[in-house]
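**Q**
Residue numbers (the working numbering): 6 to 301.
1) Identify whether residue 161 lies in helix, strand or coil by the three-state DSSP scheme.
2) Can you pull the DSSP bridge partners for residue 22?
3) Taking just the CA atoms, how far does residue 259 sit from residue 53?
4) Leaving out five residues on either side along the sequence, give the residues of the same chain with a beta carbon under 7 Å from the beta carbon of residue 226.
5) Tell me whether residue 61 is buried or exposed, calling it buried when 16 or more other Cβ atoms sit within 10 Å of its Cβ.
6) Could you pull the DSSP bridge partners for residue 70 from this structure?
7) From which residue to which residue does the alpha helix (DSSP H) around residue 148 run?
8) Please list the terminal residues of the continuous alpha helix (DSSP H) segment that includes residue 52.
9) For residue 72, I'd like the list of residues in its chain whose CB is within less than 6 Å of its CB, leaving aside the five on either flank, ordered along the chain.
10) Tell me the DSSP secondary structure of residue 85 in three-state form.
11) From what residue to what residue does the beta strand (DSSP E) around residue 245 run?
12) Could you please give the first and the last residue of the uninterrupted alpha helix (DSSP H) stretch that includes residue 270?
13) How many whole angstroms separate the CB atoms of residue 3 and residue 236, which I take to be in contact at a CB cut-off of 8 Å?
14) Applying the criterion that 16 or more other CB atoms from any shown protein chain within 10 Å of the CB defines a buried residue, is residue 121 buried or exposed?
Structure follows, in structure tokens:
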């Protein structure tokens with residue numbers, strides 16, 4: 006049997022990323038400068054990790070030449086475990102990537118949003134940067150925040166809250182089974198109950214989900230402000246949402262209301278270089294971003 010080549014996207018909280026502003030030093034190459042910064046400021050053993058870095062920008066501050074660097078580190082043992090799985094499946098590993106990179110590859114192209122899908126207008130939109138946007142992946146166990154500026158990944162953060170937390174909250178607060186809780190979540194989502202509604206079930210689901218989503222959005226807001234203040238970033242101009250959790254009814258509208266930033270589901274986008282089969286349910290694209298991204 007001919008061995009098939011394969012690429013895999015790993016996930017988890019073991020992926021560590023940082024942005025550093027490093028002063029250039031005469032006589033020292035960039036590899037050495039980055040390594041010294043990692044040893045001083047990242048909680049890892051460099052010998053046990055696969056380390057990759059990307060120069061985001063070269064600039065001069067107060068007549069001092071500096072480089073802005075995005076660093077990613079993953080334990081070698083974890084990478085090897087993914088490679089072992091591929092070999093056991095009879096596949097030949099070509100690359101092991103992380104969700105941030107595969108997502109960035111997917112969105113590293115011209116993106117158009119139909120004017121019919123633009124509902125949110127921020128009165129302070131002049132403060133938002135049109136060249137920076139966030140991609141938020143709402144998964145079952147985690148929520149991953151990626152920020153791209155000029156189509157280059159500059160920030161990545163994993164939050165340990167996912168759609169299963171919504172199911173658990175409904176199950177606990179309303180004394181339902183997990184299966185029934187998931188059904189209610191999909192039925193009502195976080196859409197606001199109609200005025201003067203007598204549907205008590207809808208009200209309970211809304212209040213329960215709102216409490217969890219509010220905490221999650223607060224963490225997302227903190228990530229956005231951290232990127233601005235500590236990663237030499239800017240205010241993002243828009244947010245794209247992906248992942249199964251992004252299909253929660255009313256989520257995009259609620260995010261816009263809370264974060265005051267335009268939010269677009271990936272299924273509404275026209276992305277240059279990516280042709281979507283017209284027979285494919287656009288919602289399915291939410292689950293395919295990493296798979297498509299790693300092939301680009």
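Ideal Cβ positions, reconstructed from N, Cα and C, are used throughout, including at glycine.
Everything numeric in this text was worked out from a predicted model, so none of it was measured.
**A** The structure says:
1) In the chain shown, counting from the first residue as 1, residue 161 sits at position 156. Strand, per DSSP.
2) Along the chain shown, one-based indexing puts residue 22 at 17. According to DSSP, residue 22 bridges with 77.
3) Taking the first residue of the chain shown as 1, we reach residue 53 at position 48. Taking the first residue of the chain shown as 1, we reach residue 259 at position 254. Those two C-alpha atoms are separated by around 42 Å.
4) Here the question's residue 226 lines up with position 221 in the chain shown. Excluding positions up to five away in sequence, the list reads 264.
5) On the chain shown, residue 61 is found 56 positions in, with the first residue counted as 1. Looking at its Cβ environment, which holds 16 or more other Cβ atoms inside 10 Å, residue 61 is buried.
6) Start at 1 with the first residue of the chain shown, and residue 70 comes out as number 65. Paired residue(s): 65.
7) As a first step, residue 148 must be located in the chain shown, where it is residue number 143. That residue, residue 148, is in no alpha helix (DSSP H); its beta strand (DSSP E) goes 148-154.
8) Position 47 of the chain shown, counted from the start, is the residue given in the question as residue 52. Element bounds for residue 52: n/a, residue is neither H nor E.
9) As a first step, residue 72 must be located in the chain shown, where it is residue number 67. So the qualifying residues of the chain are 27, 60 and 63.
10) Position 80 of the chain shown, counting from 1, holds the residue named residue 85. Note: residue 85 maps to helix in three-state DSSP.
11) For the purposes of this step, residue 245 is taken as residue 240 along the chain shown, with counting starting at 1. It spans 241-247 - the beta strand (DSSP E) in which residue 245 sits, taken as one unbroken run.
12) As a position in the chain shown, residue 270 is number 265, starting the count at 1. Run containing residue 270: none in the alpha helix (DSSP H); it sits in the beta strand (DSSP E), 268-270.
13) A query on residue 3 cannot be resolved here, the shown segment of the chain reaching from 6 to 301 and no further.
14) As a first step, residue 121 must be located in the chain shown, where it is residue number 116. Reliability of the predicted coordinates at residue 121 is poor, the pLDDT of 46 falling under 50, and no value is obtained from them.
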